[in-house]
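J.: Residue numbers (UniProt numbering), protein chains in the order written: chain A, 1 to 370; chain B, 1 to 370; chain C, 1 to 370. All C-beta atoms, glycine included, are put in the ideal place defined by N, C-alpha and C.
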Amino acid sequence: MRAVPLPDSNTLEPASGALVRDLRRVPIHPDYWYPLAWSRELKRGKTLGVRFAGEPIVLVRTESGAVYALEDRCAHRQVPLHAGVVAGETLRCCYHGWTYDCSSGRCVDVPYLGRERLPNGVRAYPCREAHGLIFVFPGDATRADERPFPLLASADDRGYKTRRFGREVKCHYSFMHENLMDMNHQFLHRKQMGQMRARCVGRRRGDDWVEVDYTFARMEGKQPVGEALVFGSSKKPGDQANKSVMTVRTGYPYQTLQIRSSEGTLVMDLWIVYVPLDAAQRTNRTFGLLSIRKPGVPFALDLAWPLLVWFTERIFGEDRWIVEREQEAHDEQGADWNHEVFPVINELRDLLRQCGARTVIPIREVDDVR
Amino acid sequence: MRAVPLPDSNTLEPASGALVRDLRRVPIHPDYWYPLAWSRELKRGKTLGVRFAGEPIVLVRTESGAVYALEDRCAHRQVPLHAGVVAGETLRCCYHGWTYDCSSGRCVDVPYLGRERLPNGVRAYPCREAHGLIFVFPGDATRADERPFPLLASADDRGYKTRRFGREVKCHYSFMHENLMDMNHQFLHRKQMGQMRARCVGRRRGDDWVEVDYTFARMEGKQPVGEALVFGSSKKPGDQANKSVMTVRTGYPYQTLQIRSSEGTLVMDLWIVYVPLDAAQRTNRTFGLLSIRKPGVPFALDLAWPLLVWFTERIFGEDRWIVEREQEAHDEQGADWNHEVFPVINELRDLLRQCGARTVIPIREVDDVR
Amino acid sequence: MRAVPLPDSNTLEPASGALVRDLRRVPIHPDYWYPLAWSRELKRGKTLGVRFAGEPIVLVRTESGAVYALEDRCAHRQVPLHAGVVAGETLRCCYHGWTYDCSSGRCVDVPYLGRERLPNGVRAYPCREAHGLIFVFPGDATRADERPFPLLASADDRGYKTRRFGREVKCHYSFMHENLMDMNHQFLHRKQMGQMRARCVGRRRGDDWVEVDYTFARMEGKQPVGEALVFGSSKKPGDQANKSVMTVRTGYPYQTLQIRSSEGTLVMDLWIVYVPLDAAQRTNRTFGLLSIRKPGVPFALDLAWPLLVWFTERIFGEDRWIVEREQEAHDEQGADWNHEVFPVINELRDLLRQCGARTVIPIREVDDVR
Numbered sequence: 001m002r003a004v005p006l007p008d009s010n011t012l013e014p015a016s017g018a019l020v021r022d023l024r025r026v027p028i029h030p031d032y033w034y035p036l037a038w039s040r041e042l043k044r045g046k047t048l049g050v051r052f053a054g055e056p057i058v059l060v061r062t063e064s065g066a067v068y069a070l071e072d073r074c075a076h077r078q079v080p081l082h083a084g085v086v087a088g089e090t091l092r093c094c095y096h097g098w099t100y101d102c103s104s105g106r107c108v109d110v111p112y113l114g115r116e117r118l119p120n121g122v123r124a125y126p127c128r129e130a131h132g133l134i135f136v137f138p139g140d141a142t143r144a145d146e147r148p149f150p151l152l153a154s155a156d157d158r159g160y161k162t163r164r165f166g167r168e169v170k171c172h173y174s175f176m177h178e179n180l181m182d183m184n185h186q187f188l189h190r191k192q193m194g195q196m197r198a199r200c201v202g203r204r205r206g207d208d209w210v211e212v213d214y215t216f217a218r219m220e221g222k223q224p225v226g227e228a229l230v231f232g233s234s235k236k237p238g239d240q241a242n243k244s245v246m247t248v249r250t251g252y253p254y255q256t257l258q259i260r261s262s263e264g265t266l267v268m269d270l271w272i273v274y275v276p277l278d279a280a281q282r283t284n285r286t287f288g289l290l291s292i293r294k295p296g297v298p299f300a301l302d303l304a305w306p307l308l309v310w311f312t313e314r315i316f317g318e319d320r321w322i323v324e325r326e327q328e329a330h331d332e333q334g335a336d337w338n339h340e341v342f343p344v345i346n347e348l349r350d351l352l353r354q355c356g357a358r359t360v361i362p363i364r365e366v367d368d369v370r
Numbered sequence: 001m002r003a004v005p006l007p008d009s010n011t012l013e014p015a016s017g018a019l020v021r022d023l024r025r026v027p028i029h030p031d032y033w034y035p036l037a038w039s040r041e042l043k044r045g046k047t048l049g050v051r052f053a054g055e056p057i058v059l060v061r062t063e064s065g066a067v068y069a070l071e072d073r074c075a076h077r078q079v080p081l082h083a084g085v086v087a088g089e090t091l092r093c094c095y096h097g098w099t100y101d102c103s104s105g106r107c108v109d110v111p112y113l114g115r116e117r118l119p120n121g122v123r124a125y126p127c128r129e130a131h132g133l134i135f136v137f138p139g140d141a142t143r144a145d146e147r148p149f150p151l152l153a154s155a156d157d158r159g160y161k162t163r164r165f166g167r168e169v170k171c172h173y174s175f176m177h178e179n180l181m182d183m184n185h186q187f188l189h190r191k192q193m194g195q196m197r198a199r200c201v202g203r204r205r206g207d208d209w210v211e212v213d214y215t216f217a218r219m220e221g222k223q224p225v226g227e228a229l230v231f232g233s234s235k236k237p238g239d240q241a242n243k244s245v246m247t248v249r250t251g252y253p254y255q256t257l258q259i260r261s262s263e264g265t266l267v268m269d270l271w272i273v274y275v276p277l278d279a280a281q282r283t284n285r286t287f288g289l290l291s292i293r294k295p296g297v298p299f300a301l302d303l304a305w306p307l308l309v310w311f312t313e314r315i316f317g318e319d320r321w322i323v324e325r326e327q328e329a330h331d332e333q334g335a336d337w338n339h340e341v342f343p344v345i346n347e348l349r350d351l352l353r354q355c356g357a358r359t360v361i362p363i364r365e366v367d368d369v370r
Numbered sequence: 001m002r003a004v005p006l007p008d009s010n011t012l013e014p015a016s017g018a019l020v021r022d023l024r025r026v027p028i029h030p031d032y033w034y035p036l037a038w039s040r041e042l043k044r045g046k047t048l049g050v051r052f053a054g055e056p057i058v059l060v061r062t063e064s065g066a067v068y069a070l071e072d073r074c075a076h077r078q079v080p081l082h083a084g085v086v087a088g089e090t091l092r093c094c095y096h097g098w099t100y101d102c103s104s105g106r107c108v109d110v111p112y113l114g115r116e117r118l119p120n121g122v123r124a125y126p127c128r129e130a131h132g133l134i135f136v137f138p139g140d141a142t143r144a145d146e147r148p149f150p151l152l153a154s155a156d157d158r159g160y161k162t163r164r165f166g167r168e169v170k171c172h173y174s175f176m177h178e179n180l181m182d183m184n185h186q187f188l189h190r191k192q193m194g195q196m197r198a199r200c201v202g203r204r205r206g207d208d209w210v211e212v213d214y215t216f217a218r219m220e221g222k223q224p225v226g227e228a229l230v231f232g233s234s235k236k237p238g239d240q241a242n243k244s245v246m247t248v249r250t251g252y253p254y255q256t257l258q259i260r261s262s263e264g265t266l267v268m269d270l271w272i273v274y275v276p277l278d279a280a281q282r283t284n285r286t287f288g289l290l291s292i293r294k295p296g297v298p299f300a301l302d303l304a305w306p307l308l309v310w311f312t313e314r315i316f317g318e319d320r321w322i323v324e325r326e327q328e329a330h331d332e333q334g335a336d337w338n339h340e341v342f343p344v345i346n347e348l349r350d351l352l353r354q355c356g357a358r359t360v361i362p363i364r365e366v367d368d369v370r
C-alpha cells in the first residue's frame with residue numbers, strides 16, 4: 001500500500017473541463033477478470049449467452065462439468081452459438097451444425113464439408129469458476145495469467161454468512177463506484193436508515209486503488225433493526241463511543257465496503273463489481289457478495305436473514321433508481337455537468353479515467369430528436 | 001385590433017419552398033406565460049416534475065401554499081429535484097441533501113460543506129397561479145412582467161360553466177393550431193356531428209394574431225344532442241336563419257374558439273394552448289378551458305354535462321388521432337409536403353413562423369433506418 | 001432455360017470483400033409484381049393500408065368489387081387515405097374530404113374549392129388480383145405489362161390442396177432466400193424432422209434464376225407423421241430406394257420449393273415471396289402458398305390437414321427465429337461477416353445482388369449507442 005499526496009480537487013477536475021476526458025465515455029478496461037454469470041445459472045450440458053460491453057459471449061458447461069467461454073457467434077452465419085447443442089466437449093451450432101471445440105474455439109466439423117477444408121473457428125476466452133461466479137477475461141488473453149484473480153476471503157470463510165445479489169442497472173459503471181464511495185448520500189436512504197451523518201476520517205490512494213474511511217453519527221430517530229444487523233447496534237443518538245469504521249475501496253475494477261468494529265473485527269464485508277453489458281456501457285450487471293460475520297448465538301443471523309435481504313434490497317433499489325437518473329441526465333445533457341465538491345469522489349473519478357481503456361465511447365445526444 | 005392587407009396565399013408559401021422555414025422545425029417562443037400543470041396536481045409541501053420543450057422544471061408548493069418553479073436538476077449531480085423534500089420555503093435534493101431556496105434557486109445548504117463554500121444554485125423561473133393553472137415564464141425572465149398575462153374572462157364568470165381538459169398529443173404545436181382553425185375539417189367529425197359544412201365569412205390579422213369567422217350549414221342528417229348543447233339547437237337541415245357565428249383566433253401562443261348567437265351572446269368560449277414537452281417539440285401537452293353559457297333553466301347544463309364531456313372527448317380524440325398522423329408523415333418525409341389551399345391556414349402558418357423562436361429544431365429522418 | 005457455367009464460389013465472393021456490395025443493403029427491385037395483401041383482407045367498400053419498402057400504399061375495393069392501389073397519403077396534408085371513405089369508385093380523405101378517383105389517383109373534389117382549381121392527385125399503382133392475393137407493381141408503371149405475372153399452377157389445380165400462410169419477419173429478404181435454399185440447415189429442424197441429411201445432387205443457373213436439387217437421407221430416429229405427409233413416407237432409415245427429389249429455385253424475386261417422387265409426380269409445390277415493408281428493408285411480409293397433391297383416398301389429406309398446419313407452423317417458426325438472429329448480427333456488426341462455404345448460396349447471393357435495385361440502403365450501426 002502506497003499513499004500518494006492528494007492534490008486539491010480543483011486541480012483534478014478543472015473548471016476548464018475541456019482537457020479532461022468525460023468519464024462517462026471511458027470504456028472499462030477489458031484486461032481484468034470479470035464475472036459474467038453466477039455458477040448456478042449454467043447447468044451441465046447447457047449454454048448461457050451473456051455480454052461484455054457489447055461483445056456476445058457464450059458460456060458452456062460441458063458434460064464433464066468444466067466451464068468455457070467462446071465468442072457467441074457462429075463463424076458461418078453469425079447466429080448465436082448459445083442456441084446450439086453441447087456434445088461432449090464440443091458445441092454445435094443450431095443452424096447448419098458447424099461444431100466447435102469448447103476449449104480452443106477451433107471448428108472441428110462442418111457436416112457437409114470435408115475435414116481437410118474446415119474453416120477457422122471462433123474466439124475462446126480465458127475462463128475460471130470461483131466463489132459461485134463464472135469469471136471471463138475479455139481482453140488480451142496473454143495477460144490473463146499475470147493479472148491477479150479476485151480474492152473473496154470472507155465469502156469462503158465459515159465465520160461469515162454471504163448473500164449473493166445483483167441486477168441490471170441502466171448506467172455507466174462509474175456512477176456505481178461514485179454512489180458507493182460517497183457516503184454523504186445517506187440522505188437518500190433516510191427512510192431505511194433514519195437521519196445518519198457520515199464523517200470522512202481518512203483516505204488513501206495507490207496506483208490502481210483509492211479508499212476512504214467513514215464513521216457515522218445518528219442525527220435523529222431510532223436505529224432500524226435491519227441496519228443494526230449490518231452495522232451493529234448503537235444505544236443512543238449521536239453515540240460517539242463504540243465507533244465502527246467503514247472503509248470503501250475501489251481496487252480497479254472491483255469495489256469493497258468493509259465495516260470494522262472498534263475492536264478491529266471485520267463485521268461486514270461487501271465485494272461488488274459492475275460489468276458493462278452493452279457497447280455504449282450504459283447498462284451494467286452488478287454482481288455483489290455481502291458477507292456478514294456470524295454472531296456468537298447460533299442461528300441468530302439465519303433468523304434475521306429475511307429481514308436483512310429485505311433491508312438491502314430496499315437500499316439497493318434506491319441506489320439503482322438514483323444512478324439511473326444520473327445516467328439519464330448525462331444522456332440528455334450530452335456531457336458531464338456534475339459539480340463535484342467532495343475530494344474523495346474527484347480522486348475516484350481521476351482513478352477510473354486513468355485505469356479505463358484508452359478509447360472513447362461514441363455517443364449521440366438523445367434529446368436532439370426526441 | 002389592426003387589420004393588415006392579406007397577401008395571396010401563394011405569396012406566403014411559394015412553390016419554391018426552399019426559402020420558407022419548415023414550420024414544423026420552428027420552436028415555440030419561450031418569452032410567454034405557459035401553463036405547465038393544473039393547480040390541483042400540486043399539493044402543499046409537494047413537488048411536481050414537468051417539462052417545457054425538453055427543459056426539466058420542478059414546480060414546488062411550499063408549506064405556505066406559494067408556488068415556485070426551479071430548474072429540475074440538482075446543481076451537484078444533475079438528478080431531478082422533484083424527488084427531493086420540501087422543507088419550509090426550501091427544497092432539499094434527495095441524494096446528498098443539497099438545499100435550495102425556492103424563490104431564488106440559491107443553494108443555501110450542503111450538509112457536509114462549510115456555509116462559506118456554498119456552490120451556485122439552480123435557475124428559478126417566474127411563476128404565477130391563475131384560473132386553476134400554474135403558469136411559468138420559461139424564457140428571458142426580465143421580459144416576464146411586460147408580457148401580457150392570459151385573461152380567461154368566461155372561466156372566471158359565474159354565468160358560465162367551465163370544463164378543464166387536456167392530454168398529451170404527439171405532434172408539433174403548429175398542427176394543433178391548424179386543426180382548430182380550419183373548420184373545413186368537420187368531415188373528420190361526421191360521426192359525431194353529422195354532415196356539416198363550414199363557410200368562412202371573414203378573417204382579420206394583426207401583428208401577433210389571426211382570426212377567422214365561420215357559419216355552418218347542416219348538409220344532411222339530424223343534429224346530435226351533444227352538438228346542440230355547444231352550438232345551440234337548429235330546427236331544420238340547411239337552416240340559414242338564426243345563424244350563430246364561430247370565431248377562431250390564434251393570439252400567439254394561445255388559441256380561442258368563440259361561438260356567438262345571432263343576438264351577439266357569447267354562448268361558448270374555448271381557451272386552449274399547446275405546450276411542447278420535449279426538445280424536438282414533437283409532443284405537446286394541451287391545456288383547454290371550455291366555458292359554456294348557463295341557460296335560463298337552473299341545473300339544465302349540469303344535467304347535460306356528462307353528455308357534453310363525452311361529446312367533446314370524442315371530438316378531441318379524433319383530432320388527436322389525425323394530428324398525430326400528420327406528425328408521422330412529417331417525420332417520415334423529413335419535410336413539410338403539405339399542399340395547403342386554404343388562405344386562412346397559410347396566413348396562420350406565416351404567423352406561427354414569425355412569432356416562433358429564431359432557432360431551428362434539429363431532426364433526423366426516421367425512415368432512413370427503420 | 002439456359003444453363004451457365006458455374007464459377008468457383010471463391011470467385012463470386014472474394015476474400016477481399018471490399019469490392020462486393022453488401023447484399024443486406026441491396027434494395028429489392030421494385031419493377032416486379034408483389035403481393036401486398038391476401039384478397040380476404042380487403043372487403044368490398046373498404047380500404048387497407050399496406051407498405052412496400054417504406055412506401056405507404058392504400059388498397060381499395062370499391063363498391064363494384066374492383067381493387068385499386070393508390071399512394072396512401074392525401075395530397076393535402078399527407079394523412080393516410082386508408083382512414084378515408086369509399087364512395088362509388090372514389091376515395092374520400094377522412095380529414096377535409098378531398099376526393100380521389102381510385103383508378104387514376106386524380107383529385108376530383110375538394111368540398112370547399114371550385115372544380116376549376118382542383119389540385120393534383122396522388123400516385124396510382126398497377127394492381128391485379130389473382131390466386132387469392134392482391135398484387136401491386138410498385139416500380140416503373142410503364143414496365144408492368146411486359147413483366148411476367150406469377151403463375152401458381154398447383155394453387156389453381158383441383159388435384160392439390162393449398163395452404164396460404166405468412167407472417168412478418170424482421171429481416172432483409174435475402175436471409176429468407178438463403179434459408180430456404182440451403183437445405184443443410186435441416187439440423188435446425190431436428191426436433192420436428194429428426195436427423196435428416198441433405199445431399200446436393202445438381203444445380204443450374206440462368207440470368208435471373210438459380211436452382212438446386214437435393215435428396216435426403218434419414219440419419220437416425222423415426223420419420224414424424226407431419227413430415228410423411230409432405231415428403232411421402234419412407235420405410236427405413238437411410239433408405240436410398242424410392243428417392244424423392246427436392247428442387248429449390250429462386251426465380252427473382254420469388255422462390256419455389258418442389259418435391260417430385262421418383263416417378264416424377266409433383267407431390268409438393270411451395271411458392272413464396274418476401275415483401276419488404278420498411279424503407280430499410282429490415283422487415284418483410286412473407287406470402288406463401290403450399291400445395292400438397294391429394295392422395296387417392298378421398299378426404300385423407302383433409303383429415304391430416306391440422307397436423308400439417310401445426311408441422312409447417314413449427315418449421316416456419318424456427319426459420320423465422322434464426323433469420324431474425326442473422327439480421328440482428330448484421331445490425332450489430334454493421335456489415336456482412338458471413339463466411340459462406342456452400343457454392344449454391346454464394347451463387348444465390350450473386351444473383352440477388354445482380355437483380356436488386358442499384359441503390360444502397362443507408363444504415364446506422366445500432367450498437368454505437370445502445
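Where A53 (chain C) and M176 (chain C) are concerned, what is the direct C-alpha to C-alpha distance, given to the nearest angstrom?
T.: To locate residue 53 (chain C), count along the third sequence from 1; it is residue 53. To locate residue 176 (chain C), count along the third sequence from 1; it is residue 176. If you take the alpha carbons of A53 (chain C) and M176 (chain C), they lie about 16 Å apart.
J.: With a CB to CB cut of under 6 Å and the five nearest residues on each side skipped, what residues in its chain are close to D213 (chain B)?
T.: Within the second sequence, numbered from 1, the residue matching residue 213 (chain B) stands at position 213. If we look at D213 (chain B) and ignore the five residues flanking it on each side, its Cβ neighbours are V201, G202, V245, T247.
J.: Flag this pair as yes or no: are the beta carbons of K170 (chain C) and E324 (chain C) separated by less than 8 Å?
T.: Against the third sequence, residue 170 (chain C) aligns to sequence position 170. Against the third sequence, residue 324 (chain C) aligns to sequence position 324. Result yes, Cβ atoms of K170 (chain C) and E324 (chain C) sit closer than 8 Å.
J.: Which residues in chain B sit within 8 Å of residue 433 (chain A), going by Cβ to Cβ distance?
T.: Since the first and last residues shown for chain A are 1 and 370, residue 433 (chain A) lies out of range.
J.: If you compare alpha carbons, which of C:W209, C:F216, C:D101, C:H185 is closest to H66 (chain C)?
T.: Locating residue 66 (chain C) in the third sequence gives position 66, where the first residue counts as 1. For the sequence presented, residue 66 (chain C) should be read as Ala rather than His. Checked all of C:W209, C:F216, C:D101, C:H185; the closest Cα to A66 (chain C) is C:D101.
J.: Return helix, strand or coil for S291 (chain B), following the three-state DSSP convention.
T.: Residue 291 (chain B) sits at position 291 when you count from the first residue of the second sequence. DSSP places S291 (chain B) in strand when its eight states are reduced to three.
J.: Could you check the C-alpha separation between T256 (chain A) and L133 (chain A) for me, to the nearest Å?
T.: Reading the first sequence from its first residue, position 256 is the one you call residue 256 (chain A). Reading the first sequence from its first residue, position 133 is the one you call residue 133 (chain A). T256 (chain A) and L133 (chain A): Cα-Cα distance of roughly 17 Å.
J.: List, in order along the chain, the chain A residues whose C-beta lies closer than 7 Å to that of R73 (chain B)?
T.: Working through the second sequence from its first residue, we reach residue 73 (chain B) at position 73. Within chain A, the residues near R73 (chain B) are A329.
J.: Helix, strand or coil for T250 (chain A)? Go by DSSP, reduced to three states.
T.: By one-based count along the first sequence, residue 250 (chain A) stands at place 250. In this structure, T250 (chain A) counts as strand in the three-state DSSP scheme.
J.: Can you name the residues of chain A whose CB is closer than 8 Å to the CB of C94 (chain B)?
T.: As a first step, residue 94 (chain B) must be located in the second sequence, where it is residue number 94. By Cβ distance, chain A contributes F187, L188, I322.
J.: V341 (chain A) versus chain B: which residues are under 8 Å apart at the beta carbon?
T.: Within the first sequence, residue 341 (chain A) is the residue found at index 341, counting from 1. The answer, in chain order, is H76, V110, L113, R117, P119.
J.: With P306 (chain A) as the anchor, note down where its alpha helix (DSSP H) starts and where it stops.
T.: Here residue 306 (chain A) is taken as the residue at index 306 of the first sequence, counted from 1. From DSSP, the alpha helix (DSSP H) with P306 (chain A) extends over 300-333.
J.: Let me know the secondary structure DSSP gives R25 (chain B) once reduced to three states.
T.: If you number the second sequence from 1, residue 25 (chain B) lands on position 25. Note: R25 (chain B) maps to helix in three-state DSSP.
J.: Report yes if the CB atom of E292 (chain A) is closer than 8 Å to the CB atom of Y160 (chain A), and no otherwise.
T.: Walking along the first sequence from the start, residue 292 (chain A) turns up at place 292. Walking along the first sequence from the start, residue 160 (chain A) turns up at place 160. First, the amino acid is wrong: residue 292 (chain A) is Ile here, not Glu. Yes, the pair counts as a contact, with Cβ atoms nearer than the cut-off.
J.: Between which two residues does the alpha helix (DSSP H) carrying L351 (chain A) extend?
T.: The count along the first sequence starts at 1 and reaches residue 351 (chain A) at position 351. That run of the alpha helix (DSSP H) goes 343-355.
J.: Below 8 Å on C-beta distance, what does E326 (chain B) contact in chain C?
T.: As a position in the second sequence, residue 326 (chain B) is number 326, starting the count at 1. Residues of chain C passing the Cβ test: R77, Q78, V79.
J.: Does the beta carbon of G97 (chain C) come closer than 8 Å to any beta carbon on chain B?
T.: Indexing the third sequence from 1 puts residue 97 (chain C) at position 97. Output row for G97 (chain C): interface = yes.
J.: Is K161 (chain C) helix, strand or coil by DSSP?
T.: Walking along the third sequence from the start, residue 161 (chain C) turns up at place 161. Three-state result, K161 (chain C): strand.
J.: Rounding to the nearest angstrom, what Cα-Cα distance links R117 (chain A) and V136 (chain A) in this structure?
T.: Here the question's residue 117 (chain A) lines up with position 117 in the first sequence. Here the question's residue 136 (chain A) lines up with position 136 in the first sequence. If I take the Cα positions, the gap works out to 31 Å.
J.: Assign V297 (chain A) to buried or exposed, taking buried as 16 or more other Cβ atoms, counted over all protein chains shown, within 10 Å of its Cβ.
T.: The residue you call residue 297 (chain A) lines up with position 297 of the first sequence. V297 (chain A) comes out exposed.
J.: Classify W271 (chain A): buried if its beta carbon has 16 or more other beta carbons within 10 angstroms, exposed otherwise.
T.: Sequence index remark: in the first sequence, residue 271 (chain A) carries index 271 (1-based). With 16 or more other Cβ atoms within 10 Å, it is buried.
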